[in-house]
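*Asks:*
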Amino acid sequence: MAEPRVPDDGGGDGGDGGASDGVVELPCGERVATTAFDLGMREYDCSCGSSHAVVMDMHPPGRFLPESIVDILDAAVEPAEDDAFEEFGTPHLMGAVMEEVPEEVATYDASGEGEVGYALLWVFGFDSRTLHEYVVELVVELMDHAVSHAENPNASAEFEDAMTEFDVPAFVDEYRRERDWAA
17 MAEPRVPDDG GGDGGDGGAS DGVVELPCGE RVATTAFDLG MREYDCSCGS
67 SHAVVMDMHP PGRFLPESIV DILDAAVEPA EDDAFEEFGT PHLMGAVMEE
117 VPEEVATYDA SGEGEVGYAL LWVFGFDSRT LHEYVVELVV ELMDHAVSHA
167 ENPNASAEFE DAMTEFDVPA FVDEYRRERD WAA
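Quick note on my numbering: the sequence shown kicks off at 17 and runs consecutively.
As structure tokens, this is what we get:
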């Protein structure tokens with residue numbers, strides 16, 4: 017399983033978006049001012065013709081997962097001692113996606129810039145629905161790994177049985193519909 021990580025090494029160089037010049041280079045190659053991304057944004061309609069998923073550090077994990085699952089992850093996953101974030105959250109989820117598709121994500125560290133309202137920005141080469149599916153699939157993998165280490169020998173088999181019936185796209189459709197987001 018991929019190890020979650022967050023963009024940048026704390027050096028304030030803007031992640032892979034280049035020098036901290038207020039511009040992020042998107043996976044499609046377009047360069048966009050960081051001020052073009054507002055706090056409520058989930059997708060950016062790019063001049064390249066694509067819609068790019070947008071995530072910011074303050075977006076809650078509940079954007080992708082039910083709060084009951086978020087609570088379990090928060091209680092079960094302990095970030096590394098040197099992790100910049102004390103609790104499991106959206107930066108860790110985005111780190112896991114980055115490990116899966118590093119060429120499809122642009123990151124920007126805006127922690128030293130007060131004018132944008134966010135500290136970390138992730139912009140993906142695909143839309144927000146596709147990102148949502150990636151997140152759910154990676155969390156299922158994480159849960160499968162955790163269950164494989166459970167003391168109950170039947171837990172792993174029960175989880176596998178439950179997952180054979182779990183349809184990620186259908187879950188994402190229903191979750192987005194319940195949250196009143198564009199499916």
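Glycine included, every Cβ here is placed at the ideal spot set by N, Cα and C.
Where do the ends of the alpha helix (DSSP H) carrying Tyr191 lie?
*Replies:* Val184 to Glu194 is the span of the alpha helix (DSSP H), which, as asked, contains Tyr191.
*Asks:* Would you list the residues sitting across from His68 in a DSSP beta bridge?
*Replies:* By DSSP's assignment, His68 forms a beta bridge with Tyr60.
*Asks:* By how many angstroms is the C-alpha of Glu176 removed from the C-alpha of Glu59?
*Replies:* 33 Å
*Asks:* For Pro107, count neighbouring C-beta atoms within 10 Å of its own C-beta (all shown protein chains included) and say buried if the count is 16 or more, exposed if not.
*Replies:* buried
*Asks:* On a CA-only basis, which of Asp54, Ala166 and Arg192 is nearest Met72? Give me that one, please.
*Replies:* Asp54
*Asks:* Drop a sphere of 10 angstroms on the beta-carbon of Pro76, count the other beta-carbons inside from all chains shown, and report buried for 16 or more, exposed for fewer.
*Replies:* exposed
*Asks:* If you draw a straight line from the C-alpha of Phe104 to the C-alpha of Cys44, how long is it?
*Replies:* 29 Å
*Asks:* Can you give, in chain order, each stretch of the beta strand (DSSP E) that sits fully within the segment 98 to 157 and has at least 3 residues?
*Replies:* 121 to 125 and 136 to 140
*Asks:* Is Val86 helix, strand or coil when you go by DSSP?
*Replies:* helix
*Asks:* Can you find at least 3 beta carbon pairs, one from the segment 144 to 159 and one from the segment 170 to 189, that sit closer than 8 Å?
*Replies:* yes
*Asks:* Is any heavy atom of the ligand NAP found at a distance shorter than 7 Å from the C-beta of Ala52?
*Replies:* With respect to the ligand NAP, the structure offers nothing, as it holds no ligand at all.
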